[in-house]
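Numbering (the working numbering), first residue to last: 9 to 109. The beta carbon of each residue, even a glycine, is placed where N, CA and C say it ideally should be. If you're wondering where the values come from, they're calculated on a predicted model, not measured in any experiment.
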């Protein structure tokens, strides 16, 4: 699977929260089904993500790139450290939650 393409298609055709605050709030409120986090996400934000994901049994996919690269994939001119996937749209992004990393 082309991860970058799956992320982009999910953003274009599904429902996705972008950014650490939006993603964490959606995770706390049990709105997301998959979380994606950039390699260089701040340690405290990543720790919060892991804590709430474990409580809610949500898989976290660690994106092998920076928040700037993730932002570019999302079509944003700024960094995006986290994504919260609610609906996959036409992508197969939920397969990331089933893969062995």
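Discussion item. Run through the DSSP bridge pairs and tell me what residue 92 is partnered with.
Written reply: Here residue 92 corresponds to residue number 84 of the chain shown, with the count starting at 1. 25 and 43, per the DSSP bridge assignment.
Worksheet item: Does the region 78-93 come close enough to the region 22-37 to have 3 or more Cβ pairs within less than 8 Å?
Response: yes
Item to complete: Return the residue from the list 80, 81 and 43 that minimises the CA-CA distance to residue 70.
Response: Taking the chain shown and counting its residues from 1, the one referred to as residue 70 is at position 62. That would be 43, whose Cα lies nearest to the Cα of residue 70.
Item to complete: Could you tell me whether the region 10-19 touches the region 97-105, using the rule of 3 or more Cβ pairs below 8 Å?
Response: yes
Discussion item. So, at 6 Å on beta carbons, what are the nonlocal neighbours of residue 23 in its own chain, with the 5 sequence-adjacent residues on each side left out?
Written reply: To locate residue 23, count along the chain shown from 1; it is residue 15. If we look at residue 23 and ignore the five residues flanking it on each side, its Cβ neighbours are 94 and 95.
Practice prompt. List the DSSP bridge partners of residue 68.
Written response: Reading the chain shown from its first residue, position 60 is the one you call residue 68. 43, per the DSSP bridge assignment.
Item to complete: Closer than 7 Å by C-beta to residue 36: which residues in its own chain qualify, once you throw out the five before and the five after it? Chain order, please.
Response: For the purposes of this step, residue 36 is taken as residue 28 along the chain shown, with counting starting at 1. Around residue 36: 60.
Worksheet item: Cβ atoms of residue 40 and residue 66: under 8 Å apart, would you say?
Response: Counting from one through the chain shown, the residue named residue 66 turns up at place 58. Counting from one through the chain shown, the residue named residue 40 turns up at place 32. Against a cut-off of 8 Å, the Cβ pair of residue 40 and residue 66 comes out as a contact.
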